[in-house]
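The sequence shown maps to residues 5 to 436 in the working numbering. Structure first, then comments.
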Amino acid sequence: MPIVSSDGTVKSDIDRKGRILIVEGSPLYTNLIKVAVKNVFSGPVDTAANFDDVKRLTVEHCGEYFLALLNLALPGAAFGEAVSYVRSLNIPSIVFTGSIETEVVERIRAYGVIDYIFKENIANLELVSRTVRRLDHNRRTNVLLTDDSSLSRAIICPHLEKHMFNVTQAEDGVEALELLKGPNDFQLLIVDYVMPRMNGFELVKEVRSFKNSRELAIVGMSAKTDGSLAANFIRFGADDFVNKPINPEIFTTRIAMCMDKKDMLNELMLRATTDYLTKLWNRRHFMNTAKVLYSSAEREQIRITIVMIDLDLFKAVNDTYGHEAGDEVLRKVSASLKTRTRESDVLARIGGEEFCLLAINVEPKSQESFLNDILETISSITFNFDGKEVSISASMGVTTELGTSLDDMMIRADNALYKAKEQGRARFVLAE
Ligand SMILES: [Mg+2]
5 MPIVSSDGTV KSDIDRKGRI LIVEGSPLYT NLIKVAVKNV FSGPVDTAAN
55 FDDVKRLTVE HCGEYFLALL NLALPGAAFG EAVSYVRSLN IPSIVFTGSI
105 ETEVVERIRA YGVIDYIFKE NIANLELVSR TVRRLDHNRR TNVLLTDDSS
155 LSRAIICPHL EKHMFNVTQA EDGVEALELL KGPNDFQLLI VDYVMPRMNG
205 FELVKEVRSF KNSRELAIVG MSAKTDGSLA ANFIRFGADD FVNKPINPEI
255 FTTRIAMCMD KKDMLNELML RATTDYLTKL WNRRHFMNTA KVLYSSAERE
305 QIRITIVMID LDLFKAVNDT YGHEAGDEVL RKVSASLKTR TRESDVLARI
355 GGEEFCLLAI NVEPKSQESF LNDILETISS ITFNFDGKEV SISASMGVTT
405 ELGTSLDDMM IRADNALYKA KEQGRARFVL AE
């Protein structure tokens with residue numbers, strides 16, 4: 005079901021609305037802004053130097069702009085005519101201004117723009133990048149606004165939608181909890197404190213038992229002025245707190261900070277657990293996960309298979325065709341291996357050209373075909389280096405015996421791998 009915002013835009017239609025329009029008279033500023041936008045946005049970026057360009061481009065790409073960045077004053081349109089025109093087309097806008105005098109700012113706000121950026125400061129190009137990245141991100145972000153006061157929701161919702169969030173409303177904790185427990189893609193929960201049936205604290209406490217800060221950011225709010233409310237919201241697991249009635253600018257800035265924090269946590273987690281080149285799990289994540297699986301295998305009679313995979317003569321690829329070629333081999337082999345593994349398997353790059361697969365409950369009778377399948381998957385990839393067709397094989401050491409510890413299993417698989425190399429490579433050897 006498409007999410008329709010209060011201005012009638014279908015929010016799921018984001019791919020069609022994939023352009024950004026820059027409206028700026030100075031070629032120097034145009035280029036600087038364009039660089040700042042291109043740093044964070046991969047879609048098409050159009051530039052208009054005057055009002056005629058604006059009219060032409062908005063006809064040519066009618067309905068395609070999700071954002072316009074405009075100078076308030078243009079040659080031949082010195083009084084914000086372009087801003088007014090772009091806003092009349094319902095294109096969300098950020099305005100650059102050379103003056104932040106109250107009268108000018110009031111005039112900019114009257115156009116219903118998302119925000120304005122003071123132009124004088126060249127360092128604000130960093131702010132341009134951050135703003136564009138955030139808005140592009142917001143239009144893919146689903147927010148659950150939970151407040152028992154429909155008036156309060158009616159005040160807050162448009163501020164979120166102005167910043168391109170997709171907003172769903174819930175009128176109390178019970179309704180919000182139901183939505184969050186069902187299939188959903190909420191990344192931000194904004195929650196009032198005083199609500200019937202289930203208050204804000206109870207909701208936050210409950211939600212944090214199954215969703216962490218990396219999955220869902222939570223902002224508490226209340227009209228109560230009790231000083232310990234904010235601290236308690238955060239103790240129960242919220243990321244921030246705002247007072248009601250909200251100050252729109254402070255509110256949206258705090259929300260942006262919360263979402264930035266969530267993104268950074270995810271980025272950190274990704275970097276700590278995955279291999280940058282192949283996007284497979286790294287050694288550390290593999291060992292942590294494998295330890296958990298190993299102990300449950302011991303308790304619950306689950307069969308685990310450890311497969312050490314080492315690419316044959318990989319050094320020769322690097323030496324003959326260069327490191328770029330070597331990297332491509334690692335990436336393609338990883339991608340192919342990934343398509344052959346099941347959801348429950350753990351596949352990691354644990355060294356230069358060495359991979360480790362932990363597979364759950366591979367039936368003894370299908371084990372041989374399972375292992376041959378992996379060898380086949382790798383050897384059937386063809387590479388084209390320096391006009392030559394090149395392929396690569398792998399050797400594997402395998403163990404299914406739990407033994408005394410996970411390390412013990414890893415050592416036995418490693419020894420079997422060594423034997424596979426000794427026996428002429430491109431094969432698997434089962435540990436004794
Ligand atoms: Mg309330």
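The C-beta atom is built at its ideal place from N, Cα and C for all residues, glycine as well.
Shortest alpha-carbon distance to residue i belongs to which of the options?
{"i": "Gly80", "options": "Phe122, Val27, Ala114 and Ile121", "result": "Val27"}
{"i": "Cys262", "options": "Arg218, Gly29 and Val136", "result": "Arg218"}
{"i": "Cys161", "options": "Leu351, Pro249, Arg113 and Asn128", "result": "Pro249"}
{"i": "Thr381", "options": "Pro200, Ala82, Asp57 and Thr345", "result": "Thr345"}
{"i": "Gly177", "options": "Gly186, Leu192 and Val211", "result": "Val211"}
{"i": "Gln191", "options": "Asn236, Phe237 and Asn142", "result": "Asn142"}
{"i": "Val350", "options": "Asp331, Lys392 and Arg288", "result": "Arg288"}
{"i": "Thr309", "options": "Glu367, Leu269, Thr256 and Leu315", "result": "Glu367"}
{"i": "Pro450", "options": "Thr150, Asn188 and Asp230", "result": "Past the boundaries of the shown model lies residue 450; the chain is included only from 5 to 436, so the question cannot be answered."}
{"i": "Glu393", "options": "Asp377, Leu379 and Val333", "result": "Val333"}
{"i": "Ala114", "options": "Gly102, Leu131 and Val87", "result": "Val87"}
{"i": "Gly330", "options": "Ala339, Ile313, Ser340 and Glu357", "result": "Glu357"}
{"i": "Gly102", "options": "Asn125, Thr343, Ser340 and Lys319", "result": "Asn125"}
{"i": "Lys425", "options": "Phe290, Ala398 and Ala158", "result": "Ala398"}
{"i": "Met413", "options": "Asn203, Gly428, Arg144 and Leu434", "result": "Leu434"}
{"i": "Phe290", "options": "Leu410, Pro187, Asn270 and Gln371", "result": "Leu410"}
{"i": "Leu317", "options": "Ala430, Ile194 and Arg111", "result": "Ala430"}
{"i": "Thr324", "options": "Glu182, Phe389 and Lys423", "result": "Phe389"}
Excluding the 5 residues flanking residue i on each side, which residues of the same chain have their C-beta closer than 6 angstroms to its C-beta?
{"i": "Phe240", "result": "Phe205, Val208 and Lys209"}
{"i": "Lys336", "result": "Ile385"}
{"i": "Val44", "result": "Ser133, Val136 and Arg137"}
{"i": "Val117", "result": "Ser97 and Val99"}
{"i": "Pro252", "result": "His163"}
{"i": "Phe70", "result": "Lys21"}
{"i": "His327", "result": "none"}
{"i": "Gln1", "result": "What is shown of the chain runs 5 to 436, which leaves residue 1 out entirely."}
Helix, strand or coil: how does DSSP classify residue i here?
{"i": "Phe237", "result": "helix"}
{"i": "Phe374", "result": "helix"}
{"i": "Glu393", "result": "strand"}
{"i": "Ala53", "result": "coil"}
{"i": "Asn170", "result": "strand"}
{"i": "Leu410", "result": "helix"}
{"i": "Asp189", "result": "coil"}
{"i": "Gly401", "result": "strand"}
{"i": "Asp323", "result": "helix"}
{"i": "Asn286", "result": "coil"}
{"i": "Thr278", "result": "strand"}
{"i": "Asp314", "result": "strand"}
{"i": "Asn142", "result": "helix"}
{"i": "Ile308", "result": "strand"}
{"i": "Leu165", "result": "This sequence places Glu at residue 165; Leu is not what is there. It is helical."}
{"i": "Arg23", "result": "strand"}
{"i": "Val41", "result": "helix"}
{"i": "Val333", "result": "helix"}
{"i": "Ala301", "result": "helix"}
{"i": "Ile159", "result": "helix"}
{"i": "Ile382", "result": "helix"}
Decide if residue i is buried, meaning its Cβ has at least 16 other Cβ atoms within 10 Å, or exposed.
{"i": "Arg416", "result": "buried"}
{"i": "Thr282", "result": "buried"}
{"i": "Asp196", "result": "buried"}
{"i": "Arg23", "result": "buried"}
{"i": "Arg91", "result": "buried"}
{"i": "His167", "result": "buried"}
{"i": "Lys21", "result": "buried"}
{"i": "Thr106", "result": "exposed"}
{"i": "Gly84", "result": "buried"}
{"i": "Val198", "result": "exposed"}
{"i": "Asp314", "result": "buried"}
{"i": "Cys66", "result": "exposed"}
{"i": "Ala180", "result": "buried"}
{"i": "Met225", "result": "buried"}
{"i": "Leu421", "result": "buried"}
Excluding five sequence neighbours on each side, which residues of the same chain lie with their C-beta closer than 8 angstroms to the C-beta of residue i?
{"i": "Arg258", "result": "Val223, Asp244 and Val246"}
{"i": "Leu375", "result": "Val311, Met400, Val402 and Phe432"}
{"i": "Ser395", "result": "Ser383, Ser384, Ile385, Thr386 and Phe387"}
{"i": "Ile306", "result": "Leu297, Ser300, Ile364 and Asn365"}
{"i": "Trp285", "result": "Thr277, Thr278, Asp279, Thr293, Val350, Leu351, Ala352 and Arg353"}
{"i": "Lys215", "result": "Leu184"}
{"i": "Leu3", "result": "The question about residue 3 has no answer, for the chain in this structure spans 5 to 436."}
{"i": "Gly29", "result": "Ala53, Asn54, Asn75, Ala77, Leu78 and Pro79"}
Can you name, in chain order, every residue of its own chain whose Cβ lies under 7 angstroms from the Cβ of residue i, other than the five neighbours on each side?
{"i": "Met273", "result": "Arg218"}
{"i": "Asp56", "result": "none"}
Would you say residue i lies against chain D (beta-carbon separation less than 9 angstroms)?
{"i": "Ile222", "result": "Here chain D cannot be found, since the structure has a single protein chain."}
Subject >> Uninterrupted beta strand (DSSP E) stretches inside the segment 213-263 (no shorter than 3 residues) >> reply: 221-226 and 244-247
Original post:
Going along the chain, which unbroken runs of the beta strand (DSSP E) with 3 or more residues stay wholly within the segment 64-139?
Top reply: 69-75, 97-101 and 119-122
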